[in-house]
Amino acid sequence: MCGIVGYTGPREAYPIIIKGLKRLEYRGYDSTGVALHNGGLKVYKKKGKVAELEDAIVGKDLHAHVGIGHTRWATHGEPSDRNAHPHRSASGKLAMIHNGIIENYNQLKKELDNLGYSFSSETDTEVLLNFIEEIKKNNQCDLEEAVRVALKRVTGAYVILLLDEDNPDTIIAARKGSPLVIGIGKNEHFLGSDASPMLEYTKEVVYVNDYELAIVKPDELILKNLGNEKITPYVQKLDLELAAIEKGGYDHFMLKEIFEQPQTIYDCLRGRLDASEGTITMSGIQQYAEDIMTANRIIMVACGTSWHAGLVAEYIFEELCRINVEVEYASEFRYRNPIINKGDVIIAISQSGETADTLVAIENAKEKGAIILGVVNVVGSSIARTSHGGAYTHAGPEIGVASTKAFTAQLAVLTMIALKIGYIKGTISQDRYMNLLNELQQIPEKVAWTLKHSSTIKTLAQKYKDAHDFLYLGRGYNFPVALEGALKLKEISYIHAEGYPAAEMKHGPIALVDENLPVVFVATKDAYYQKVVSNIQEIKARKGKVIAVITEGDESIAGMADDVMIVPEADEILAPMLSVVPLQLLAYYIGVAKEYDVDKPRNLAKSVTVE
Ligand code: F6R
Numbered sequence: 011m012c013g014i015v016g017y018t019g020p021r022e023a024y025p026i027i028i029k030g031l032k033r034l035e036y037r038g039y040d041s042t043g044v045a046l047h048n049g050g051l052k053v054y055k056k057k058g059k060v061a062e063l064e065d066a067i068v069g070k071d072l073h074a075h076v077g078i079g080h081t082r083w084a085t086h087g088e089p090s091d092r093n094a095h096p097h098r099s100a101s102g103k104l105a106m107i108h109n110g111i112i113e114n115y116n117q118l119k120k121e122l123d124n125l126g127y128s129f130s131s132e133t134d135t136e137v138l139l140n141f142i143e144e145i146k147k148n149n150q151c152d153l154e155e156a157v158r159v160a161l162k163r164v165t166g167a168y169v170i171l172l173l174d175e176d177n178p179d180t181i182i183a184a185r186k187g188s189p190l191v192i193g194i195g196k197n198e199h200f201l202g203s204d205a206s207p208m209l210e211y212t213k214e215v216v217y218v219n220d221y222e223l224a225i226v227k228p229d230e231l232i233l234k235n236l237g238n239e240k241i242t243p244y245v246q247k248l249d250l251e252l253a254a255i256e257k258g259g260y261d262h263f264m265l266k267e268i269f270e271q272p273q274t275i276y277d278c279l280r281g282r283l284d285a286s287e288g289t290i291t292m293s294g295i296q297q298y299a300e301d302i303m304t305a306n307r308i309i310m311v312a313c314g315t316s317w318h319a320g321l322v323a324e325y326i327f328e329e330l331c332r333i334n335v336e337v338e339y340a341s342e343f344r345y346r347n348p349i350i351n352k353g354d355v356i357i358a359i360s361q362s363g364e365t366a367d368t369l370v371a372i373e374n375a376k377e378k379g380a381i382i383l384g385v386v387n388v389v390g391s392s393i394a395r396t397s398h399g400g401a402y403t404h405a406g407p408e409i410g411v412a413s414t415k416a417f418t419a420q421l422a423v424l425t426m427i428a429l430k431i432g433y434i435k436g437t438i439s440q441d442r443y444m445n446l447l448n449e450l451q452q453i454p455e456k457v458a459w460t461l462k463h464s465s466t467i468k469t470l471a472q473k474y475k476d477a478h479d480f481l482y483l484g485r486g487y488n489f490p491v492a493l494e495g496a497l498k499l500k501e502i503s504y505i506h507a508e509g510y511p512a513a514e515m516k517h518g519p520i521a522l523v524d525e526n527l528p529v530v531f532v533a534t535k536d537a538y539y540q541k542v543v544s545n546i547q548e549i550k551a552r553k554g555k556v557i558a559v560i561t562e563g564d565e566s567i568a569g570m571a572d573d574v575m576i577v578p579e580a581d582e583i584l585a586p587m588l589s590v591v592p593l594q595l596l597a598y599y600i601g602v603a604k605e606y607d608v609d610k611p612r613n614l615a616k617s618v619t620v621e
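The sequence shown begins at 11 in this note's numbering and counts up by one.
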């Protein structure tokens, strides 16, 4: 949440910062701002998206070789011009941007109030900035030292970038809990919440760790800990191409990412799954195979869409590995003093690898002796680095705020882990193992087949776009898919939608059913099929409108539903990777039909680095 960009070097800073902010807008788009150093500090900021700020400052003197920029997801204080970052300190000599939450800002504010400070915004950021300035003045120290002293008093999460009027070419940066990447160029440095703002300039990057402070000049990068000791920066090479973060001819990133799924699932399986040899190679799992097999229980910890992937995995692991699995919302798990025993295995599932609740949940569990495995998309992210082992999903950058390709890649990875462990453990027969391996290898093709029918779903979107509520129902492996379908619709089209296990409908939600309520059934051919058919009849008997995701060739449900969306046949364990695709498309096309900005749905941000 919130995107930050910085540049210091010989080029014009403003275009680099604006372009970088556009790439980071997925992290929040409540307001935008830049601070440039050009003889003195200039700050331009505005409520709204990056393009709105750009339009508003046409004609201003934007020439500078050092600058910082921010795109905000509001936490403290409504989205407004005055709450937009960068903030200026009381003296006007410092400018700062911040991603995160300063939890004890009220206490710091009281101290500053007593010293006569007044504030022009409602943000925790302005409080921290003035706190730093006060320390600098009071201790008569330089900015670097003041930041160090201040951060020792701070509780919460932050990445901060600061410009100092008296130090024209230097950016001071620090991190705890929110991501910070520094790109290294020739006599220039780039800073970002992720590597996307610097991709076209350099592939050499340093991921800054918690409690580290960076002093960044054009020709020098100094990293220190909060004890003022120097740390040698660990420079990594980015394995990411510019094309991966551009729309490539699609109207929206979300559509591009839905259509990328045959490739992303293929990439995820590639080099790991060999159906002809009957092998699954995952070194980050292999090391912990014994721990997983002998675990009393596996706890899946995640949020949102990743939590839905965990729910599907619960069914798969219990079926194939006969291990007790619990699926936890990271935000609940971390606060309720859960019982974690040595030998428990935690699987943290996260696209961004930066979700604050998931990160803290695994940090706590790690301290209590659990083995932590990460199923993460973003390479080098905090969750990946905190985990003992695990497997990357290799879905490539997911920029659309609603998660799509990350979900199917998570399912592919989790299925491979379950197959591997079940096979070694002997809880799955050789035949079933080989069949599932073969079928898994065919999933990319089957997703491609499903996508070829997207025009039918576009037509359905027109028909149902004005509904006020939707129900999504499914059973077994398709129950979490129903939850995911409902979440996608809520996020993208702002239509109220609820996901339920199909049988639960009778225990309450059926009261909602009338001729105006579309009910989406995820009703592919599986062990629950006949039961779902009965549930469809129950909705039809009450005049509900039934839209069903069905297996190709299913004349029976096609005959009773108002509309159908078709997927190819697959083993029920693998079916969610297919049945979710029409639901992603339905949400997308309804959002587009309602003329919403589907890549940047209101109030959301991609990477939730606050609690
Ligand atoms: C839904 C969505 C969110 C994320 C959730 C977890 O479309 O994107 O619900 O799934 O915020 O994020 P990660 O997977 O990055 O931990």
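A virtual CB, placed ideally from N, CA and C, is assigned to each residue, including glycine.
Sheet register partners of residue i (DSSP bridge)
i: D174; result: L104
i: G69; result: DSSP output for G69 lists no bridge partner at all.
i: L231; result: V226
i: E214; result: K247
i: P25; result: Its beta-bridge partners do not exist; DSSP assigns none.
i: R98; result: A105
i: V191; result: G202, Y217
Alpha-carbon spacing of residue i relative to residue j, whole angstroms
i: N347; j: A375; result: 10 angstroms
i: W83; j: T133; result: 12 angstroms
i: R92; j: K56; result: 8 angstroms
i: L279; j: R612; result: 34 angstroms
i: L161; j: L236; result: 8 angstroms
i: I438; j: C331; result: 7 angstroms
i: Q452; j: T460; result: 13 angstroms
i: Y221; j: K119; result: 22 angstroms
i: T274; j: A371; result: 28 angstroms
i: F141; j: I192; result: 25 angstroms
i: H95; j: S41; result: 8 angstroms
i: Y168; j: L493; result: 32 angstroms
i: K625; j: L252; result: There is no way to answer for residue 625, as the model of the chain reaches only from 11 to 621.
i: V335; j: T85; result: 34 angstroms
i: K450; j: I290; result: Note that residue 450 corresponds to Leu in the displayed sequence, not to Lys. Distance between the alpha carbons of L450 and I290: 11 angstroms.
Range of the contiguous alpha helix (DSSP H) that encloses residue i
i: M426; result: 415-435
i: T85; result: Careful: T85 lies outside any alpha helix (DSSP H) and carries neither H nor E.
i: H318; result: 314-331
i: L138; result: 134-149
i: L450; result: 440-461
i: I502; result: 488-503
i: I393; result: 392-396
Selection from the options that minimises the alpha carbon distance to residue i
i: P25; options: M264, K56, E210; result: E210
i: V457; options: P207, T315, R395, T418; result: T418
i: V44; options: G38, V76, R21; result: V76
i: Y345; options: Y325, G353, I145, E373; result: E373
i: E198; options: G16, Y339, D524; result: G16
i: V628; options: Y260, D229, F269, I194; result: The shown model of the chain, from 11 to 621, leaves out residue 628, and the question about it has no answer.
i: E267; options: G19, R158, P407, G102; result: P407
i: G166; options: G384, L265, S188; result: S188
i: F343; options: V311, A323, I333; result: V311
i: T304; options: I241, I434, D367; result: I434
i: P592; options: I576, V337, V169; result: I576
i: N109; options: F129, Y339, A184; result: A184
i: G410; options: E251, D261, F200; result: D261
i: I107; options: N114, R98, E113, Y115; result: R98
i: Q296; options: L429, G69, V523; result: L429
Distance CB(residue i)-CB(residue j) smaller than 8 angstroms
i: I359; j: S316; result: yes
i: K610; j: E62; result: no
i: A416; j: Q472; result: no
i: A558; j: I546; result: yes
i: I357; j: I393; result: no
i: V215; j: L231; result: no
i: G400; j: V386; result: yes
i: L447; j: L283; result: yes
i: Y482; j: A521; result: no
i: S464; j: L614; result: no
i: A512; j: V542; result: yes
Residue i: first and last residue of the uninterrupted beta strand (DSSP E) it sits in
i: A401; result: 399-402
i: E336; result: 334-339
i: T466; result: Not the beta strand (DSSP E): T466 falls in the alpha helix (DSSP H), residues 464-474.
i: R185; result: 181-186
i: E377; result: Run containing E377: none in the beta strand (DSSP E); it sits in the alpha helix (DSSP H), 366-377.
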